[in-house]
Amino acid sequence: MAFHELWLMLMGFMSQWHQAKLLVEHAVTISHDTLHVFIGLVLWLLLAMVMRRPVTSWRPWLWAFAIIFWNEAVDLWTEVWPDPGQQYGEGLKDLALTMFVPTLLLVAARLRPDLFRQGFRRRPRR
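Read in order, the letters of the sequence shown correspond to residues -11 to 114 in our numbering.
If you want it as structure tokens, here you go:
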């Protein structure tokens, strides 16, 4: 397979991926930003389950970040905005929104695992 054919196949896949995302985005009545938050959380939890790793592990978080980063790279590649600064800013905002809840829960679970246990009790005051 020639490099040019491989490149065309990759471009076709990225375009199809982008169109599928647009379909979902326009088919649901949830805002674009809220959809990013939901997708980030669901993706992170699914990756933890598939990898059989606890949510306190960095591995599912890193894979979620890599997938979301790739997704935003596809957006930057397939969409052309008149203002590149605005387009890159939107991409960074999408990345931050998508990873916010997984990051918050990962850090909380690692720093304060007692918050996630049944029968949580307050810490004694010093």
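Ideal placement from N, C-alpha and C gives every residue a C-beta, glycine not left out.
{"Asked": "L31, buried or exposed, once every other Cβ within 10 Å from all chains shown has been counted against 16", "Found": "buried"}
{"Asked": "Boundaries (first-last residue) of the alpha helix (DSSP H) holding H26", "Found": "The question names His, but residue 26 is Phe in the sequence shown. H20 to M39 is the extent of the alpha helix (DSSP H) around F26."}
{"Asked": "With 16 other Cβ atoms within 10 Å as the buried cut-off, status of A14", "Found": "Position check: residue 14 holds His in this sequence, whereas Ala was assumed. By the neighbour-count rule (16 or more Cβ atoms within 10 Å), H14 is not buried but exposed."}
{"Asked": "Reduced DSSP secondary structure (H/G/I, E/B, other) of T86", "Found": "helix"}
{"Asked": "Candidates W69, L35, D102 and L94: closest to T44 by CA position", "Found": "L94"}
{"Asked": "Assigned secondary structure, V12 (DSSP; H/G/I helix, E/B strand, else coil)", "Found": "helix"}
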